[in-house]
Amino acid sequence: MAKLIQTEEENMLQDAARALLERSAPVSRLRELRDQGQTRDDALWQEMVAAGWAGILVPEAAGGVDMGHAAAHVLAREMGRTLTVSPFLSTAIIAATVLRRCGDARSQAALSDIASGSRTYALALDESAKFNPEHIALKAEKRGNGYVLNGEKQFVVDGSNATHVMVLAQGEDGLCLFDLSADRAGLTRTSTEMIDSRDAAQLVFENVEVSGDELLVADGGGADLLRFGLEAGQAALAAETGGLAQAAFEMTTGYLKERKQFGVPIASFQALQHRAAHLWCEIELTTSAILHAGRILDSDPQNATLAVSLAKARATDTAQLAVREGVQMHGGIGMTDAYDMGFYMKRARVAAEWLGDYGYHAAQVARLRGF
Amino acid sequence: MAKLIQTEEENMLQDAARALLERSAPVSRLRELRDQGQTRDDALWQEMVAAGWAGILVPEAAGGVDMGHAAAHVLAREMGRTLTVSPFLSTAIIAATVLRRCGDARSQAALSDIASGSRTYALALDESAKFNPEHIALKAEKRGNGYVLNGEKQFVVDGSNATHVMVLAQGEDGLCLFDLSADRAGLTRTSTEMIDSRDAAQLVFENVEVSGDELLVADGGGADLLRFGLEAGQAALAAETGGLAQAAFEMTTGYLKERKQFGVPIASFQALQHRAAHLWCEIELTTSAILHAGRILDSDPQNATLAVSLAKARATDTAQLAVREGVQMHGGIGMTDAYDMGFYMKRARVAAEWLGDYGYHAAQVARLRGF
Amino acid sequence: MTTDSGTEFADTPDFRKKIRAWLEENCPEDMRDGAGGEGEICWGGRNWTFASEGQKLWLERCAAVGLTVPTWPKAYGGAGLSREQDKILKEEMTKLGARSPLDSFGIWMLGPALLKFGTEEQKQHFLPPIARGEIRWCQGYSEPGAGSDLAGVQSKADDKGDHWLVNGQKIWTSYADKADWIFALLRTDRDAPKHKGISFILMDMRSKGVTTRPIRLISGASPFCETFFDDVKVPKEQVVGEVNRGWDVAKYLLTHEREMISAGGQTMGAGRPLGAVLADSETGASDPVLRADAMRTEIDALAMELTLERYKDQAEGGQGVGDASAMLKYAGTELNKRRLELVMAAGGSDTLAWEDGRAPSWLRTKANSIEGGTSEVMLSIISRRILGLGA
Amino acid sequence: MTTDSGTEFADTPDFRKKIRAWLEENCPEDMRDGAGGEGEICWGGRNWTFASEGQKLWLERCAAVGLTVPTWPKAYGGAGLSREQDKILKEEMTKLGARSPLDSFGIWMLGPALLKFGTEEQKQHFLPPIARGEIRWCQGYSEPGAGSDLAGVQSKADDKGDHWLVNGQKIWTSYADKADWIFALLRTDRDAPKHKGISFILMDMRSKGVTTRPIRLISGASPFCETFFDDVKVPKEQVVGEVNRGWDVAKYLLTHEREMISAGGQTMGAGRPLGAVLADSETGASDPVLRADAMRTEIDALAMELTLERYKDQAEGGQGVGDASAMLKYAGTELNKRRLELVMAAGGSDTLAWEDGRAPSWLRTKANSIEGGTSEVMLSIISRRILGLGA
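Protein chains in written order, with the numbering used here: chain A, 5 to 375; chain B, 5 to 375; chain C, 3 to 393; chain D, 3 to 393.
Below is the structure:
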């Protein structure tokens with residue numbers, strides 16, 4: 005397997021990504037969007053599209069740059085650092101991974117649309133407050149050559165802004181996955197005001213008619229297909245969350261060096277030093293898990309579950325520690341809305357729940373390690 | 005309910021106990037016993053008997069001082085401070101509580117023997133590596149007016165030294181509890197070399213014949229009777245463990261003040277200060293739980309389970325933290341056998357397992373708090 | 003003094019019976035709902051608008067017999083109750099579901115300070131209006147540059163002969179935008195060592211040169227403000243205690259505040275039992291991570307409750323709690339943070355919408371271990387003053 | 003130089019094939035059991051008694067071709083392998099289950115120090131006997147009064163013109179009672195700042211005035227000793243590096259040691275998978291506390307393994323690890339402690355008998371975060387040198 009250090013190519017990608025995001029999507033941009041009641045930044049997305057990010061997992065034949073998951077994680081991490089608002093994860097990672105696996109002409113076209121920026125996706129999966137892909141009630145009934153969908157989805161990240169929705173449903177032969185445009189009769193999308201100021205929606209399907217070729221796999225392979233998409237998403241989300249943790253940590257150590265109390269910089273207090281050092285160790289450990297998940301997804305995606313759950317669990321935990329310590333070590337100013345740390349704390353909480361929380365992924369790890 | 009502060013009487017008892025134990029049972033005495041391969045200290049026990057400790061829960065009519073559980077906890081805590089080796093918990097707490105509940109003439113006589121020091125007990129309960137009073141396989145079969153016992157017990161604390169054994173068995177109508185002298189035909193006791201240098205044994209019962217009046221309750225009330233004994237024992241063990249934690253903590257802060265590194269006392273390092281302060285807070289919280297358990301056992305023993313499990317869980321956890329921090333903050337010297345901290349660490353581990361570990365008692369608390 | 007109120011509690015032998023009867027007779031029906039949320043509090047003050055006729059009546063009736071400040075001396079508007087009687091009063095009010103007639107920083111903070119450090123004149127002048135809910139106070143301690151270093155106060159009061167001239171800025175002044183008066187720590191001697199040049203000064207918020215600006219928190223709108231003083235003239239007699247000895251007053255109140263915050267934190271935390279929180283959660287029963295966290299938190303919360311009880315018993319027994327209040331503050335607030343983390347995790351994505359209401363509570367707890375002395379300051383107090391560790 | 007060994011690995015292009023063949027041919031059957039316990043180690047030295055003919059043969063055969071110290075230059079008894087080749091060698095040995103032919107502080111610690119700081123003469127003189135397993139070394143750093151303050155060395159070497167006169171006491175000298183020589187930090191200038199007056203000195207343990215006493219640990223007998231120097235005469239040329247610059251050598255070795263200990267801690271920890279530990283436990287499946295702890299520990303252990311791999315990759319890629327080795331030491335040893343706590347809890351009362359064997363391992367891990375630099379020292383190194391925090 006490839007080494008657990010970034011390649012030269014990945015380093016260059018990182019530099020380019022950081023430059024673009026610091027210019028076009030700093031945390032102040034998130035604040036601006038929030039204050040305007042916006043949850044989308046179309047100009048930014050088009051800039052990402054132009055930089056090839058939308059097509060990071062799209063084959064060159066479909067207009068993508070096809071750089072693989074580890075490279076995508078480099079981007080995700082940088083986005084986590086600045087709390088970037090974009091449909092990158094839902095669209096360029098999850099939807100692209102699923103569509104690529106399908107491999108048919110319709111999916112090829114969808115991939116082209118992703119790479120060109122004319123199509124964005126949301127994954128409609130959760131039906132209750134906790135991630136649980138094995139209990140899906142939304143019903144897909146066969147009618148003629150097509151299907152009729154009935155049911156509800158919640159916590160659909162990017163759900164009110166996306167042009168397309170990938171919907172997990174219970175068919176007669178098990179789980180199936182549909183790919184449909186969001187402007188469908190019978191589909192109501194209600195956006196949720198989320199604490200991290202991003203887009204999420206509740207979706208209600210009332211006799212939504214879909215055609216047969218909007219079903220992504222025909223013969224009960226929905227669960228398998230979903231797994232690839234989910235694991236790609238979970239790993240990228242881990243990378244994003246890792247970037248978030250790193251940035252919150254840097255903001256905190258920066259503050260420790262600058263802030264004075266009792267006549268000295270608070271960085272000189274050993275109790276804070278040791279806590280910061282411990283947090284840094286946690287971040288190092290998590291970084292390894294994230295790098296590893298990227299390598300495995302690129303080299304052996306059939307067996308990536310352990311690596312992915314490990315990365316997601318570690319990233320979730322580390323980020324929560326980073327933002328908790330971040331607020332506490334900043335003291336009062338960290339609690340003010342005028343300071344950015346709160347945005348990190350809120351995003352970390354949302355990231356913790358999305359696509360499975362610590363407990364979910366810990367259980368996956370335990371199962372795969374024989375207990 | 006009585007207040008959560010020690011009464012004047014309890015304070016006096018504490019002073020007397022500390023004086024006796026510092027004189028006759030300091031940690032150096034445990035070391036001496038260990039080096040001599042001894043697990044009993046008969047002279048010390050007779051001194052305790054003379055001080056009325058063996059009869060702390062025995063009615064005055066049977067020669068006891070009948071001071072109640074909270075007072076017994078004062079003694080137990082002091083014993084924990086010096087890691088005293090004695091059959092106090094098994095005999096004066098668990099057996100005495102059970103016998104007192106029975107209330108018949110035979111039990112009265114047994115209580116007299118306890119108070120006078122002519123009888124000591126061990127509780128034979130565990131049959132596997134984890135405390136589980138609800139899964140008892142040792143069989144009690146009726147034969148004539150008596151019973152025949154067959155089965156094995158392990159981790160019987162004080163099991164090879166006690167003159168008597170209280171045995172939990174599975175009878176035809178459920179759990180039953182026997183009280184028999186240990187020199188019984190068919191009963192083999194094999195002592196275990198325990199890490200904390202105290203007495204524990206494996207007991208094998210092979211067609212052990214017991215008479216009908218050695219059964220403590222006749223009609224399936226064994227579980228109830230046992231519960232009283234166990235809860236009394238668990239609470240006293242919590243008190244002992246709390247004393248252990250306190251002593252380990254004091255030893256550690258003493259060392260922090262005395263030991264110099266880099267030219268200053270290590271007590272001046274803020275990271276250690278904060279960890280010590282945190283540990284002190286944990287000890288304070290645990291102290292409250294222990295005091296409370298004593299008060300409840302004296303005032304409302306029918307409803308003591310929550311209070312007792314709370315105390316045992318907290319004491320277990322706090323003591324483990326205290327000895328871990330104790331060894332670490334002492335550095336190398338804490339790891340040497342020549343220093344006492346290791347004895348505290350070992351006793352804390354044994355106390356953690358005996359009569360139910362943290363997980364067991366945490367589950368009890370959760371159950372009683374509705375989850 | 004008390005005969006004119008028509009009732010006499012403090013010296014009554016059969017106190018519980020009397021107080022119960024009085025409450026039954028006087029507490030308006032709509033003040034018996036047991037509510038104690040931020041929105042139901044009666045803060046009083048010049049600009050106070052009563053939420054209902056009942057709220058107004060309840061305040062007036064209580065004030066008339068000294069029950070807005072039950073333990074204060076009758077001479078200053080209290081009922082002169084003993085601790086024991088006060089406890090009984092609280093118990094009976096809880097039984098009836100009676101709301102607190104009046105809450106204020108004047109009652110919690112300034113009152114105790116004046117009772118201990120004030121002149122007889124100050125007590126006569128300032129305490130009764132607090133007891134009657136006529137004047138609402140706020141607290142001006144923290145400054146942007148100071149943080150945990152409370153004694154690092156830079157806002158100054160210069161002695162101009164017949165008045166103080168006050169300039170500077172305070173932060174985290176709760177309800178400064180709604181208060182009538184402020185009690186503040188101000189530097190009155192810039193050459194003295196930092197603890198020795200501070201005075202505890204009272205100011206009318208209507209004074210020329212006082213402005214306030216609310217602070218938005220990560221959890222949303224908050225009662226906190228920034229408060230600015232720009233050449234504010236303050237009469238010389240409005241100093242509590244000696245000039246340049248304001249730190250003594252502040253220290254006394256800090257200990258007092260810690261005990262209150264920790265008790266408050268506990269009440270906040272109490273909210274719904276964790277069992278119910280978990281039972282509602284889809285994974286609460288099956289996820290060992292969540293379940294183990296909940297068990298630990300529940301155990302620690304119970305131990306915390308018992309410790310509050312024990313410390314109260316100690317205080318009543320005449321053994322003061324003193325610096326150990328730092329423990330209540332530290333353990334109570336850290337526990338409360340864990341509790342709300344658990345509420346969020348158990349509630350899953352439902353909690354991520356603002357309108358759900360759990361997220362603001364969760365975010366707000368993060369300030370618990372900062373305000374009123376950070377957890378780090380508490381640990382330092384414990385290690386130095388209780389454990390004797392230090393350089 | 004190498005033709006006389008009859009084999010030539012270092013320059014061989016098809017290295018894996020050749021090394022596999024050599025191992026197949028030369029490794030005695032009883033050295034192929036994959037064992038690596040403390041009891042199976044071949045330490046070598048003057049008084050070494052081989053456990054079997056196989057052990058003796060295996061050492062001799064490896065030494066003959068430089069494979070006891072594969073990466074050392076051929077000139078000093080090594081095989082001159084590259085890191086990459088060494089990795090392949092280790093992989094092939096693991097495949098075959100081949101034991102390490104020789105382990106020693108000479109190989110791990112002194113060798114690297116001499117290779118970097120030694121004179122040509124010292125290298126020629128000291129390295130080959132280490133490679134051949136003829137001389138066993140021990141390390142004399144710690145002192146009773148010094149602890150984490152390694153540079154606070156008090157044991158002294160006084161310059162007596164033609165020799166050093168050494169007096170003082172070392173502690174935690176592993177296997178000092180079995181070693182032939184010791185490398186020690188000794189104070190050679192008492193007036194210089196404490197880091198500037200220390201020298202790295204080599205001594206024959208047979209010298210007059212050297213005595214040792216084993217230390218019993220809380221976990222039982224241990225390889226650690228106290229070592230006393232009482233007017234020991236040491237030849238002047240037995241200093242490594244410059245006089246009074248011994249701290250440079252020590253620092254170099256400390257980083258080196260940390261990486262090894264953390265890697266070792268990991269291996270120790272690896273033992274039985276936690277899954278198996280839990281599966282054996284009666285309550286492992288049902289107790290959420292135990293289960294959640296095990297999950298966390300397993301997750302952290304996997305992340306630790308990957309981090310070791312990542313750091314190795316970094317080192318090979320030419321990016322050094324440097325101070326980050328403090329992280330490996332800290333995280334690795336703390337993890338190992340948690341792991342063994344879990345083994346004890348899962349095993350219940352069975353683990354409480356000495357003869358069970360789990361308790362000594364558990365107790366022994368408590369030293370992991372003390373020896374080779376405490377966790378506190380590691381955290382300080384990280385915060386100062388990596389994070390740039392500090393006064």
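Ideal Cβ placement from N, Cα and C applies to all residues, glycine included.
Check: Between ALA186(C), TRP249(C), GLY222(C), ASP193(C), which lies nearest to ASP206(C) when the distance is taken from Cα to Cα?; Outcome: ALA186(C)
Check: With distances taken from CA atoms, which of TRP110(C), GLU378(C), ARG18(C) is nearest LEU255(C)?; Outcome: TRP110(C)
Check: Let me know if ASN4(B) comes out buried or exposed under the rule of 16 or more other beta-carbons within 10 Å of its beta-carbon.; Outcome: Residue 4(B) lies beyond the stretch modelled for chain B, which goes from 5 to 375, so this question has no answer here.
Check: Establish whether the CB of GLY266(C) and some CB of chain A are separated by less than 8 Å.; Outcome: Model confidence at GLY266(C) stands at a pLDDT of 46, short of 50, so the residue's coordinates are unreliable; what they give is reported in the following sentence. No, no contact with chain A.
Check: Please state whether DSSP places GLU357(B) in a helix, a strand or coil.; Outcome: helix
Check: Between the beta-carbon of VAL62(A) and the beta-carbon of TYR151(A), is there less than 8 Å?; Outcome: no
Check: Closer than 7 Å by C-beta to ASP232(D): which residues in its own chain qualify, once you throw out the five before and the five after it? Chain order, please.; Outcome: ASN169, GLY211
Check: Alpha carbon to alpha carbon, how far is THR95(B) from GLY80(C)? Give it in angstroms, no decimals.; Outcome: 56 Å
Check: Throw me the rounded Cβ distance for the PHE375(A) and ALA281(D) pair, which I believe falls under 8 Å.; Outcome: 6 Å
Check: I want to verify the contact list: residues of chain C whose CB lies under 7 Å from the CB of VAL291(D), in sequence order.; Outcome: ALA294, MET297
Check: Determine the direct distance from the alpha carbon of ARG318(A) to that of HIS296(B), and round the result to whole angstroms.; Outcome: 39 Å
Check: With a threshold of 7 Å, establish whether the CB of ALA194(C) neighbours any heavy atom of the ligand NAD.; Outcome: Inclusion of the ligand NAD in the displayed structure is not the case, the ligand content being empty and no account of it being possible.
Check: Any beta carbon of chain F sitting closer than 8 Å to that of TYR259(B)?; Outcome: Among the chains of the structure shown, chain F does not appear; the protein chains present are A, B, C and D.
Check: Whose CA, out of SER283(C), LEU310(C), TRP50(C), LEU69(C), lies closest to the CA of LEU25(C)?; Outcome: LEU69(C)
Check: By the three-class DSSP mapping on this structure, what secondary structure does MET270(D) have?; Outcome: For MET270(D), the predicted model reports a pLDDT of 38, less than 50, meaning its position is unreliable; a value from the coordinates is still stated below. Note: MET270(D) maps to helix in three-state DSSP.
Check: Going along chain A, which residues have a C-beta under 7 Å from THR309(D)?; Outcome: GLU288, LEU289, SER292
Check: Mind reading off the beta-carbon distance from LEU207(A) to ARG193(A)? Whole number of angstroms is fine, and I expect it under 8 Å.; Outcome: 5 Å
Check: For the segment 241-260 of chain C, which residues have a CB atom closer than 9 Å to at least one CB atom of chain A, in sequence order?; Outcome: none
Check: So, are the CB atoms of ARG123(A) and ASP117(A) less than 8 Å apart?; Outcome: yes
Check: Buried or exposed for HIS139(A), please, with buried defined as at least 16 other CB atoms from any protein chain shown within 10 angstroms of its CB.; Outcome: exposed
Check: Cα-Cα, which of ASP183(A), ASP45(A), THR88(A) is closest to ARG104(A)?; Outcome: ASP183(A)
Check: Could you tell me which of ASN338(C), GLY149(C), THR376(C), LYS180(C) sits nearest to PRO216(C), measuring between CA atoms?; Outcome: LYS180(C)
Check: Hey, would you say ARG373(B) sits closer than 8 Å to PRO275(C), going by beta carbons?; Outcome: yes
Check: Check HIS282(A) in the structure and name its three-state DSSP category.; Outcome: helix
Check: Pairs of beta-carbons, one from the segment 192-203 of chain C and one from the segment 155-164 of chain C, closer than 8 Å: are there three or more?; Outcome: yes
Check: Taking the alpha carbon of LYS377(D) as the point to measure from, which residue in GLY163(A), CYS285(A), ALA243(A) has its own alpha carbon closest?; Outcome: With the sequence shown as reference, residue 377(D) is identified as Ser, and Lys is not the correct amino acid for it. Closest option to SER377(D), Cα to Cα, is CYS285(A).
Check: What is the DSSP secondary structure of HIS139(B), reduced to helix, strand or coil?; Outcome: coil
Check: Under three-state DSSP, which class holds VAL279(D)?; Outcome: helix
Check: Please report the straight-line C-alpha distance between HIS278(A) and LEU248(B), rounded to a whole angstrom.; Outcome: 28 Å
Check: Going by beta-carbon coordinates alone, are MET1(C) and VAL291(D) separated by less than 8 Å?; Outcome: Only positions 3 to 393 of chain C appear in the structure, and residue 1(C) is not among them; the question remains open.
Check: Quick check on TRP74(D) - is its C-beta less than 8 Å from some C-beta in chain B?; Outcome: no
Check: For ARG218(C), count the other beta carbons within 10 Å of its own beta carbon; 16 or more makes it buried, fewer makes it exposed. Which is it?; Outcome: exposed
Check: Kindly indicate the opening and closing residues of the alpha helix (DSSP H) around ARG105(A).; Outcome: 100-106
Check: Using a Cβ-Cβ cutoff of 7 Å, what residues of the segment 339-350 of chain C are near chain A? List them in chain order.; Outcome: MET346, ALA347, GLY349, GLY350
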